[in-house]
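Sequence lines, in order, name chains X and H. Sequential numbering from 1 applies to the first sequence in full-length UniProt numbering. Sequential numbering from 1 applies to the second sequence in full-length UniProt numbering.
Number of protein chains: 2
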Amino acid sequence: MAARQDRRSWRDVLEEIRNRVLTGRYGPGDKLPRDEDIAAELGCARSTVQRAMRDLADRGVVERRRKGGTRVRPDPVTRAVFDIPVARNEVESRGGSYGYQLIRAAIEETPPPVAAALDMRAPLPMLHVEALHLMNSRPFLYEDRWVLTRTVPEIETVDLGVVSANEWLLANKPYSRCDLRFSAETAGDRVAAIMGLEGGEALFVIERTTWSGDDPITTVKAVYAPGYHLRAEI
Amino acid sequence: MAARQDRRSWRDVLEEIRNRVLTGRYGPGDKLPRDEDIAAELGCARSTVQRAMRDLADRGVVERRRKGGTRVRPDPVTRAVFDIPVARNEVESRGGSYGYQLIRAAIEETPPPVAAALDMRAPLPMLHVEALHLMNSRPFLYEDRWVLTRTVPEIETVDLGVVSANEWLLANKPYSRCDLRFSAETAGDRVAAIMGLEGGEALFVIERTTWSGDDPITTVKAVYAPGYHLRAEI
DNA sequence: AAGTGGTCTAGACCACGTA
DNA sequence: ACGTGGTCTAGACCACTTT
């Protein structure tokens with residue numbers, strides 16, 4: 001008995017459709033009516049339905065295809081948005097003092113696993129950078145990075161003892177594509193030594209690879225100190 | 001020298017604004033012109049600028065406030081969207097055969113850490129469920145879950161040996177709010193025994209807590225087998 | 001009180017993909 | 001080929017928040 005409301009907002013439409021999905025009126029894989037019909041049924045403009053549907057599609061509730069129509073996504077997923085801050089900002093937003101140490105920077109040939117991550121066919125000279133980010137003078141994040149100098153030749157002139165490669169790249173070489181991988185790793189001898197651990201601790205790892213168009217820029221493994229966690233809210 | 005194009009699409013506007021941010025024409029914290037002025041400058045309708053700006057705001061590039069205007073976000077972040085699938089779907093989408101084992105289900109008083117995660121003031125009777133999800137008959141994911149029976153009394157009538165609590169809850173008790181936490185943990189004796197590990201391995205952990213309105217539903221710790229990783233692309 | 005982003009409408013045309 | 005979602009417009013009014 002949907003009495004005429006004052007007006008239909010796109011949020012109302014979104015809630016209505018979501019409820020129909022949750023109550024099974026539109027089951028997994030089912031095709032929904034055309035936007036225009038839903039608009040007529042709910043008494044609003046088609047663009048209002050569009051707005052709601054786009055949101056539902058963004059949230060992974062429905063799938064939309066031209067000519068194919070709108071369908072309830074067959075496999076429900078929990079879709080979460082994470083903000084991965086720059087180390088400096090993360091430390092400072094927690095009220096800590098940020099520090100940075102360059103461990104090593106050298107030109108080396110691309111190792112095969114790095115070439116694979118970057119979709120490179122042939123090995124090329126790359127800049128290999130290891131650095132440590134500190135919170136209150138204690139290890140917070142260890143980064144092991146490879147930069148393709150052919151894509152970013154200017155980085156060879158940067159003093160990475162002063163500016164972290166991450167901050168320099170973000171400011172000077174925007175990426176168009178980024179692959180992210182979250183995992184857990186056991187602290188090996190080398191990482192343990194650098195981060196002042198005993199070895200064997202479980203560490204949270206973010207691997208990130210970026211491209212500018214088809215040109216690989218960099219791949220980096222960021223290893224967080226024990227106890228780190230990443231939060232999101234939906 | 002922006003020559004008149006065939007037409008301005010919201011993607012064009014987005015790219016134009018993004019370039020201005022990247023090149024520093026609009027620096028971190030800077031206020032952008034009003035939508036209407038940008039529309040006039042770029043030769044499109046205000047709603048087209050709106051569309052682009054909303055996208056930029058969703059991506060964390062700018063911040064928008066009524067009357068306050070649009071500003072470049074002072075702290076750049078990498079914003080990533082992750083889909084966390086149901087265990088069954090994840091296993092099957094990798095071509096494995098899915099299995100499920102209930103380890104334990106019992107009513108217990110709320111332990112203090114669980115009460116804290118759920119924003120509960122007083123302890124209440126809860127359903128404590130431990131279960132193992134299998135891929136090709138090998139441990140894939142161990143879940144340790146607490147369900148507030150006051151919010152979801154029907155779950156006491158469900159045979160959790162047949163249906164996993166996760167799948168039942170997703171289908172029968174939608175949540176309105178969800179907290180997520182990613183971390184790395186060392187396999188303790190109990191988890192190692194359940195998952196057939198030696199102990200000491202680094203494990204990827206997702207903790208998830210959900211509410212229906214203000215009513216807590218469940219909090220669950222999902223512990224993935226060694227080698228698991230979560231991917232995203234931007 | 002006023003300025004700026006947010007939403008809604010009605011209509012038109014476009015673009016993609018399925019039939 | 002054609003049906004459906006995607007985009008764009010011009011205008012109106014609303015809602016939030018800062019001045």
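Cβ coordinates follow ideal geometry from the N, Cα and C atoms, glycine included.
{"Query": "Option in X:229, X:172, X:34 and X:203 with minimal Cα separation from residue 212 (chain X)", "Result": "X:172"}
{"Query": "Cutoff 6 angstroms; reference residue 144 (chain H); Cβ partners in own chain excluding five residues on either side", "Result": "130 and 221"}
{"Query": "Chain-ordered neighbours of residue 44 (chain X) on chain H, where CB pairs are closer than 9 angstroms", "Result": "Going along chain H, no residue has its Cβ under 9 angstroms from residue 44 (chain X), so there is no contact; the nearest lies around 17 angstroms."}
{"Query": "Delimiting residues of the beta strand (DSSP E) encompassing residue 233 (chain X)", "Result": "229–233"}
{"Query": "Uninterrupted beta strand (DSSP E) stretches inside the UniProt domain \"HTH gntR-type\" (7–75) of chain X (no shorter than 3 residues)", "Result": "62–65 and 69–72"}
{"Query": "Cross-chain neighbours of residue 235 (chain H) in chain X, by beta carbon under 7 angstroms", "Result": "Any property of residue 235 (chain H) remains undetermined from this structure, which presents chain H solely from 1 to 234."}
{"Query": "Nearest to residue 180 (chain H) (by Cα), restricted to the options X:24, X:140, X:231 and X:110", "Result": "X:231"}
{"Query": "Neighbouring residues, chain X, relative to residue 229 (chain H) (Cβ below 9 angstroms)", "Result": "181, 182, 183, 184, 205 and 207"}
{"Query": "Residue 171 (chain H) in three-state terms, based on DSSP", "Result": "helix"}
{"Query": "Length-filtered (3 minimum) beta strand (DSSP E) runs lying within the stretch 62–137 of chain X", "Result": "62–65, 69–72, 77–85, 98–109 and 125–135"}
{"Query": "Chain X contact for residue 201 (chain H) (CB, 8 angstroms cutoff)", "Result": "yes"}
{"Query": "Inter-residue spacing [alpha-carbon to alpha-carbon] between residue 153 (chain H) and residue 26 (chain X)", "Result": "25 angstroms"}
{"Query": "Local Cβ density within 10 Å of residue 184 (chain H), reported as buried at 16 or more and exposed below that", "Result": "buried"}
{"Query": "Alpha carbon of residue 137 (chain H) to alpha carbon of residue 217 (chain H), nearest angstrom", "Result": "30 angstroms"}
{"Query": "Residue(s) in a DSSP beta bridge with residue 203 (chain H)", "Result": "H:185"}
{"Query": "Whole-Å CB distance - residue 71 (chain H) paired with residue 24 (chain H), under 8 angstroms assumed", "Result": "Not confirmed; about 15 angstroms, so no contact."}
{"Query": "Beta-carbon proximity of residue 132 (chain H) to residue 194 (chain H), cut-off 8 angstroms", "Result": "yes"}
{"Query": "Any chain H beta carbon closer than 8 angstroms to residue 78 (chain X)", "Result": "yes"}
{"Query": "Length of the line joining the Cα atoms of residue 198 (chain H) and residue 112 (chain X)", "Result": "31 angstroms"}
{"Query": "Interface flag, residue 115 (chain H) vs chain X, CB-CB below 8 angstroms", "Result": "no"}
{"Query": "Residue from H:229, H:233 and H:234 with nearest C-alpha to residue 90 (chain H)", "Result": "H:229"}
{"Query": "Three-state class that DSSP yields for residue 150 (chain X) in the structure shown", "Result": "coil"}
{"Query": "Inter-residue spacing [alpha-carbon to alpha-carbon] between residue 166 (chain H) and residue 86 (chain H)", "Result": "8 angstroms"}
{"Query": "Cutoff 8 angstroms: residue 75 (chain X) Cβ touching any chain H Cβ", "Result": "yes"}
{"Query": "Any C-beta of chain H under 8 angstroms from that of residue 89 (chain X)", "Result": "yes"}
{"Query": "Whole-angstrom distance between residue 186 (chain H) and residue 159 (chain X), CA atom to CA atom", "Result": "37 angstroms"}
{"Query": "is_contact[residue 4 (chain X), chain H] using C-beta, thresh 8 angstroms", "Result": "Because the pLDDT of residue 4 (chain X) is 37, which lies under 50, any placement of that residue in the model is unreliable, and the number read from its coordinates should be weighed accordingly. So, not an interface residue."}
{"Query": "Exposure label - residue 15 (chain H); buried when at least 16 CB within 10 Å", "Result": "exposed"}
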